[in-house]
Amino acid sequence: MTLETNSKQILETVISKGSSAGADIVEVFIESTDSVSLLAENDIVTSVSPSFGVGAGIRVFKGAKDGFVSTNDLSPTGLDEALIKALGMLGLSTNEQNTDKFNGLEQLRDYTLNKNKWIDLIPDLEETREILLTGTKFLDVYGKKISVRRSSYSRILQEVIVAASDGTYAKDIRLNQSFGLNVLASDADKRASIGRRYGTSSSPTTLKEWDAESSAQEICESAGKMLYADYVEAGQMPVILANKFGGVIFHEACGHLLETTQLERGTSPFSDQIDKQIANTAVTAIDEGVTEGAFGSISIDDEGMEPVKTKLIENGILKNFISDRAGEIRTGHKRTGSGRRQGHNFAAASRMRNTYIAAGEYSPEDLIESTNNGLYCKSMGGGSVGPTGQFNFSVEEGYLIKNGKLTNPVKGATLIGEAKEVLPRISMCANDLDLAAGFCGSISGNINVTVGQPHIKVESITIGGR
Amino acid sequence: MNNTDMPYGNDSTKMQVMYDQIKSIANNESILKWDVGASTSIDTSVQVDKGEAKQLKGSQRQALTIRVWNKKGLIGITNTSDFTKDGLKKALLGAQKASEFGNKNETPEFSPLCKEEIDELNRPLSINGDIQDLFNSLKIAESDLLDRHEDIKAIPYNGIAESLSERFYFNCESAFRYTKISQSSIYLYAMAQQENRKPRSAGSVRISNCFDDLDINGCINEAAEKTIAHLNYQNISTDKYLVCFTPEAFLDLIGAFSTMFNARSVLDGVSISKKESIGKQIAVPFLSIFDNGLHPSNIGACPFDGEGTPTKKICLLRNGILENFLHSEATARSFGVLPTGHAGIGAKVSVGPDWLDVRGDNNSPQNKESLSYKDSTRDFVLIEGLNALHAGVKPSQGSFSLPFDGWIVRNGEKISIEAATIAGDINQVLNSIIKVEAEQIITTQGISPHIWVEDLKITGEA
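As given, the protein sequences belong to chains R and F, one line each in that order. In this note's numbering, each residue's number is its place in the first sequence (first place is 1) plus 1141. In this note's numbering, each residue's number is its place in the second sequence (first place is 1) plus 3.
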């Protein structure tokens, strides 16, 4: 990694210049990244792709407006040019000599301690290759009718410095690793694809500890069942969503509507619902960045603030929103350490970290036994949410529930609804909360997050099918 | 203003400097074979909120991929945004190290066409350069759109942007490719709501090669028209329907299943097509599909691909028969054909379409249904746009289940559909087409007429 803390003077010069020009807030984000991804297909590693880069993002606020400029040029001249452009966007000029309210950067908050050795603990390319090939080998061992076997790994080591005119001065190293297995099973004209992805942050040895064999077993079992599954009948019915990645629905359908970015746009139906009942009393939901090793955990956000554990919904009542610096300025909701961005090319925005529905009192079996005729969603595919809260999610692995028991596997199901209408219908939460890693794409780019929930029951939801 | 200078030198001189630096480093490190693909851009964008600038954004971006072939002939790559001499050296050495893990079974080579003559695009090259102009234009557009109807409450998603970008490719055997394009765009996504009714939203996008040609009024008109029209909505019953895809929607669907035309996907076993599918009838005989990246309306056209192969028009489907796949150098070698100009750059090279051109055969006796989206007497569902393609399409299986924006059309009257999904199989769609209309309409992603398909399952949200 390349960033030096002796850049303090350069940063102070940039910030002071912006402040003197009349900016209310000047923020500089500098990053250096060192990444690699590998793909193994069947029994060969077909792609090894290292990448590295440096860059800075300079953001200037004047009132509720902000100007943001990014550059790959980290020289004092490059930063100065970026600042001048950002100021110019707001009609400010370095020729103006206003009172400089900037009192200098605070003492460096250094979150990199003990993280510099991570690079030596991460498996090297040779070891990573062997682990991935072990994964595809297990898919061959446990799979039947498997025509494509894939395993993949991605690692991003990111070093950041955040400095701002409110004195913020912090440095951190982030390590995010994700890996997984995918298969395509086929028999005559029938096909089924199943995948699982895992991810951690700040856990350099995570890949070495991965139990690829049990992952392969689970995926092959699912693929075997889904290969011969019938298409689901479209209609309305109760749905039980499995734990872990089932939480993606809450993330997409509700979590995004609780980001101050959505409040600023006026697209959240929950903007005036603080302390009001928006969900069933069974629902308590949390967004935090502190669970050790979780994919969405962070020591500081991309605005230099430590993450706050934020209770979003408590027993169905809306308690808090997810806020960043701009969100606090524009909506008044206090920052929650949720200002996040993919990299220096993006201005930070209010984004989720580890977001989950809290555990309830039932067992997963209680939920299934309480359902006469419904759908069990064991594994979710991707999904999306529209600008006014309409969501849709594909079900990767589903089973019909008949008279309180799981029966036939079904494919082709899509869950459709609106957060505002579905949240009150979550009637039961099981006691098996678990988390899963994912990537979230939104206004400030793709970021690593965690979704999660226990098994939950939704009394009625529209299922798109054939 | 018409400033088209780039920040770190200009035009192909920069490429020559970089070429000399890499050549020198490669010689010192005894790296004999290498190539480079790179891009740089300057981007400016604005968003507004009720007349106020919300975020003004500028960026200078650069990215480069170096590929190195080691002495065993294996390939390794590295990507970097650091164009300094040290950065280039680090990238070259990183690629050399990665080549130790190269795939022995498939090694890309230089494209046999990377020194072929390419056509000049001769597109307008101009950017406005003044962010205040962009802001003022967007502010006026927002205000105009808000004034179009009392129920249009906000334009929550909006933006105007322009960029000037360069793309280049060169290799150690003196292949050189360079191009530079400018692009301007505007999008307006409005939200409208009537009392005791659900909020409705719709939008529009326009792109052009230069700001002066940007059809801002067209964007406002389309966004207003769509948003207002969607205010009158109702549920749709779950059933099978006669469906008419707008050009945008059909191109989205074909684009999502473009792995059926993709030789890389065929070789990887993740396409619904097979090597022997060439020459087979896979669609109705009055449908043809081309890929034509050089079409004058393709604003983002590039005259060469990631391997330096010239971009060219290629027929994928002629009269329902699969005629060609899209190729990189490696897939073309495997199929015994020439690369088609659709490659990226990498150790394993990706392949993808540029700009699809869908057309029908109006002389075909099978294309005889008297259907027109403008004045059909039959009841049908008009699919205006498909959503969540990344989640609802399974390209390796051929199935899809997608939410859409659209209309129930009864006796010529259009009523917006509240919320619904459409599900099916791409093979079924291609073989259930009953009409390909004559008029091709240009969109931001290709050109296509309206396409009519029978018996597609639609699920309405109750």
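A virtual CB, placed ideally from N, CA and C, is assigned to each residue, including glycine. In this text the structure is predicted, and so the values were computed from the model without any measurement.
In its chain, beyond the 5 residues on either side, LEU1298 have a beta carbon closer than 7 Å to the beta carbon of ILE1260 of chain R. Residue-level contact check: ASN1589 of chain R does not touch chain F, since none of the beta carbons of chain F fall below 8 Å from its beta carbon.
Secondary structure at ASP458 of chain F: strand, using DSSP grouped into helix, strand and coil. Considering only F:LEU459, F:LYS277, F:GLU32, the residue with the shortest C-alpha distance to ALA98 of chain F is F:GLU32.
Put simply, the CB of ILE285 of chain F is far from chain R, with every gap to its CB atoms at 8 Å or more. If only complete runs of 4 or more residues are kept, the region 1329 to 1412 of chain R shows the alpha helix (DSSP H) at 1347 to 1350, 1353 to 1368, 1401 to 1406, in order along the chain. In this structure, GLU387 of chain F keeps its C-beta atom at 8 Å or more from the C-beta atom of ALA422 of chain F. Straight across, the Cα-Cα distance linking SER353 of chain F with LYS156 of chain F is about 43 Å.
VAL1201 of chain R sits buried, since 16 or more C-beta atoms from the chains shown fall within 10 Å of its C-beta. Boundaries of the beta strand (DSSP E) around ASP408 of chain F: 402 to 413. Chain R places a beta carbon closer than 8 Å to that of GLY97 of chain F, counting this residue as a contact. At least one C-beta of chain R is nearer than 8 Å to the C-beta of ALA426 of chain F. If you draw a straight line from the Cα of THR1402 of chain R to the Cα of LYS100 of chain F, it is about 43 Å long. Neighbourhood of THR81 of chain F in chain R, by CB distance below 7 Å: PRO1191, SER1192, in chain order. For THR241 of chain F, the residues of chain R that pass the 8 Å Cβ criterion are ALA1375, GLY1376, in the order they occur in the chain. Membership of PRO1505 of chain R in the alpha helix (DSSP H) is indicated by the continuous run 1505 to 1510. Only those residues of the region 182 to 199 of chain F whose C-beta falls short of 8 Å from the nearest C-beta of chain R are listed: TYR192, MET194. Taking a cut-off of 8 Å on C-beta distances, the region 1276 to 1293 of chain R touches the region 1313 to 1333 of chain R, as three or more cross pairs fall below it. Taking 8 Å as the cut-off, the Cβ atoms of LEU433 of chain F and ILE285 of chain F count as close. Taking 8 Å as the CB threshold, MET1230 of chain R lines the interface with chain F. In this structure, the beta-carbon distance from ALA394 of chain F to SER1525 of chain R falls below 8 Å.
At a C-beta separation below 7 Å, GLN65 of chain F has these neighbours in chain R: ASN1213. Interface residue (Cβ-Cβ distance to chain F less than 8 Å): GLY1553 of chain R is classified as such. Not a single CB atom of chain F sits nearer than 8 Å to the CB of SER1319 of chain R. By a beta-carbon distance limit of 8 Å, PHE383 of chain F contacts VAL246 of chain F. Their separation comes to about 7 Å. Taking the Cα positions, GLU1374 of chain R is about 43 Å away from ALA1489 of chain R.
The beta carbon of LYS1256 of chain R sits closer than 6 Å to those of ILE1314, all from its chain and outside the five residues before and after it, given in chain order. Cα atoms of GLY1163 of chain R and PRO250 of chain F: separation of roughly 50 Å, rounded to the nearest angstrom. At a cut-off of 8 Å between beta-carbon atoms, ASN1533 of chain R makes contact with chain F. By the rule that beta-carbons nearer than 8 Å mark a contact, SER84 of chain F touches chain R. Between GLN1594 of chain R and LEU1564 of chain R, the gap from beta carbon to beta carbon reaches 8 Å or more. For ALA193 of chain F, the three-state secondary structure derived from DSSP is strand.
Secondary structure note for CYS1518 of chain R: it is in no alpha helix (DSSP H), and the uninterrupted beta strand (DSSP E) holding it is 1514 to 1526. Burial state of VAL1195 of chain R is buried, judged by a 10 Å Cβ sphere holding 16 or more other Cβ atoms. The region 162 to 179 of chain F and the region 18 to 35 of chain F touch, with no fewer than 3 CB-CB distances between them shorter than 8 Å. If you look at LEU1180 of chain R, you'll find it isn't in any alpha helix (DSSP H); it sits in the beta strand (DSSP E) that goes 1166 to 1182.
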